[in-house]
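Chains as they are written, first to last, in this note's numbering: chain A, 7 to 673; chain B, 3 to 132. Worksheet: the structure to be examined is printed underneath.
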């Protein structure tokens, strides 16, 4: 695995942990009594720390390390959680996000401010442990007390044992010295009895330990066996063993009774058990694949489907039954492959939704508004390419809702509304589409105001503006350069407008709908295709040419009479059961000559009714060929890129190329 | 049996299980191991998963992370030792986990490594344990 692959994997997984931290912290802010949330955060910070340290991202490791310490103190109830701590933790997450986003320059990241903040909140309840004994212990030759000597004597009498002074030197780089020493002592315990250690067992347990440990050890084994066994422990740089002469020690010993020390390491760890959380999803084994690879796979599946259609067609032409069975199973297989590949590209919408609660929280605090924000349908899946594109539009819509939609608490109370505004983001599946609905109970969009602004901006004359229906007036919000905001704030009303949102969604083959009642709120509905790679389309003939119209855009088809066509302000319309339907003749738009043969009789015209920005438009065509799933080949070469009206092309079963109409830019 | 064989003949090839909640960390260890001719037979993302996979794959050695969701490594260690008292488990720890690692050692862990992992240390620990 190359370094850059490691880096990609690190970033992807680190972001997941960050998201979890954000999510859990938000929950914690709502309800700080749930200690399991602290545990989840502790674990996520800890895991992140390990990952960052492995990659050498020391700044991230340092921040997460301090976060982990803080979480640990909260968990052990040394510090009470409060809003300051939560804010500092949010700041930490921002810092980490920044670091992960700019991972190449991670080492230059300035974390002194955030560490200081963390330090401030943790020191509000300084821990009392470890303060009492902070004396460094220098290991010297062993000084045996009377009890120790008695113990040695009795041990030597029992068996054919001798006493040794074992000196173990740990590697300079050894990090967990207590644990390492524990391993050494465990090895020794297997071979004999540890009588005494310098530093003492208590010092070892509390981490008060240098690189050198002296051990008085009674064993029946010979020196070489002891050295060999201890050398097998990792991170040991040197082992020295010398026999101890008890008589010599006894002679020099001034007796002074001291309590003996325990000969086995005692467990000092506190229980780290966590209550099991059923909500935690069991990790699924997975492989990360670049979206590029999936795109290639998708393309190949597309080619496969085209060839399959060709085969089907050939079989019909050859009038052979022999191929039927094989073709049927090929049909099934290609369909299965297609479904699998499509599924592999699907990602839960939660990946986009999960950062919104945090954003809405920050915005509402900033603007002193009270907002209860709910998301729903986070488990709905969308094609990765669609998902990647909807983040920005959604951010814009949410900001608009918080900024212009929902009122301040005072204003709401004055209007007899609940103090807390509600903002709901809901995703749902509707056949081959995903519907995203953003609903607020704020001011709503006032058509009267919209008309005024339109006039002020010079988009319309007064009379023209008054001609607009309320619905049309509200939809003005999607016009380029139109902003109904009376004052421009930092958050929205500047830069990208609603027209950018609409363009983006329509580029993806989706549509935007708006519904608003003054003082009751606004609902914006985004209809998105599940995927951009394959679409259901209606194949139509215009003249001799075949075109594909995406089913998403189609409302219904109609047969109208030529005589019923009226002209209003130079535009063709037809009155259909009371609805005035504007008409667009595709022959004119696409410059295709009329083919008289296709008229069943000269008076009847075929019309495909499509929807554009909530409005119905009739497209005049010559013939409906039927519904078909087509694979979009994008027109991304230089020549065709900027041609409006087409979203791509597809290859039909007979090998012919059909252009896919892009309704929003076509009419 | 399997362990004896490896000890007796050649330490080159060992069946390893890696337990860590971060796929990234699993990848790091796996890379070190496979580059040195070892065989990663199982990977698990939490303690519960680890116990199941241990039963299935009977690895020669387990690299076991400590802080994980669902079941901590220290508890998983106890269960694994109950299943197989000769299990060889190496704890994957970080700075600041002294006491937990000590507890794990008392509960039968063979050794430990400290994040960030250093390839030579990982291999040294492996050779010492097997």
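Beta carbons are placed, not taken as given, at the ideal position from N, Cα and C, and that holds for glycine. As the structure is a prediction and not an experimental result, all values here were calculated from the model.
If you count every other CB in all the chains shown that lies within 10 Å of the CB of residue i, and 16 or more means buried, which is it?
i	result
residue 43(A)	buried
residue 559(A)	buried
residue 380(A)	exposed
residue 39(B)	exposed
residue 444(A)	buried
residue 113(B)	buried
residue 385(A)	exposed
residue 119(A)	exposed
residue 73(A)	buried
residue 592(A)	buried
residue 82(B)	buried
residue 99(B)	buried
Between the options, which has its C-alpha nearest residue i's C-alpha?
i	options	result
residue 675(A)	29(A), 108(A), 620(A)	Residue 675(A) is absent from the model: chain A starts at 7 and stops at 673.
residue 66(A)	113(A), 358(A), 664(A), 22(A)	113(A)
residue 23(B)	125(B), 122(B), 131(B), 68(B)	68(B)
residue 360(A)	75(A), 433(A), 413(A)	433(A)
residue 507(A)	545(A), 572(A), 405(A)	405(A)
residue 383(A)	355(A), 512(A), 421(A)	355(A)
residue 348(A)	300(A), 92(A), 327(A)	300(A)
residue 484(A)	449(A), 470(A), 521(A)	521(A)
residue 594(A)	544(A), 473(A), 651(A), 213(A)	651(A)
residue 90(B)	50(B), 74(B), 56(B), 70(B)	56(B)
residue 57(A)	37(A), 31(A), 76(A), 24(A)	24(A)
residue 440(A)	454(A), 327(A), 388(A), 401(A)	388(A)
residue 419(A)	398(A), 397(A), 430(A), 375(A)	375(A)
residue 577(A)	183(A), 673(A), 346(A)	673(A)
residue 633(A)	543(A), 106(A), 339(A)	543(A)
Find out if the Cβ-Cβ distance for the pair residue i, residue j is shorter than 8 Å.
i	j	result
residue 177(A)	residue 242(A)	yes
residue 237(A)	residue 127(B)	no
residue 653(A)	residue 666(A)	yes
residue 357(A)	residue 311(A)	no
residue 447(A)	residue 527(A)	yes
residue 377(A)	residue 426(A)	yes
residue 172(A)	residue 124(A)	no
residue 221(A)	residue 205(A)	no
residue 128(A)	residue 87(A)	no
residue 92(A)	residue 41(A)	no
residue 624(A)	residue 590(A)	yes
residue 566(A)	residue 546(A)	no
residue 532(A)	residue 511(A)	yes
residue 2(B)	residue 30(B)	Since the displayed chain B opens at 3 and closes at 132, residue 2(B) lies outside it and no answer follows.
residue 152(A)	residue 25(B)	no
For residue i, does the three-state DSSP call read helix, strand or coil?
i	result
residue 353(A)	strand
residue 25(A)	helix
residue 48(A)	helix
residue 109(A)	helix
residue 408(A)	helix
residue 115(A)	coil
residue 64(A)	helix
residue 511(A)	helix
residue 397(A)	helix
residue 180(A)	coil
residue 387(A)	strand
residue 669(A)	helix
residue 639(A)	strand
residue 418(A)	helix
residue 125(B)	helix
residue 466(A)	coil
residue 10(A)	helix
residue 172(A)	strand
residue 229(A)	helix
residue 583(A)	coil
Near-chain B residues of the stretch 220-245 of chain A - C-beta to any C-beta below 8 Å: Result list: 238, 239, 240, 241.
Members of the stretch 39-59 of chain A that neighbour chain B once the beta carbon cut-off is set at 7 Å: Cβ contacts with chain B come from 49, 52, 53, 55, 56, 57, 59.
Interface residues of the stretch 10-39 of chain B facing chain A [CB-CB below 7 Å]: Contact residues of the stretch 10-39 of chain B toward chain A are 23, 24, 25, 26, 27, 29, 30, 33 (C-beta to C-beta distance below 7 Å).
Contacting positions in the stretch 15-26 of chain A - beta carbon closer than 7 Å to chain B: Those would be 15, 16, 19, in chain order.
Members of the stretch 176-198 of chain A that neighbour chain B once the beta carbon cut-off is set at 7 Å: Taking 7 Å as the Cβ-Cβ cut-off, the stretch 176-198 of chain A approaches chain B at 181, 182, 184, 185, 188, 189, 192, given in chain order.
Where the stretch 56-88 of chain B meets chain A: residues whose CB sits under 9 Å from a CB there: Answer set for the stretch 56-88 of chain B: 67, 68, 69, 70, 71, 72, 73, 74, 76, 77.
Residues within the stretch 207-221 of chain A neighbouring chain B, beta-carbon criterion of under 7 Å: From the stretch 207-221 of chain A, only 213 have a Cβ closer than 7 Å to chain B.
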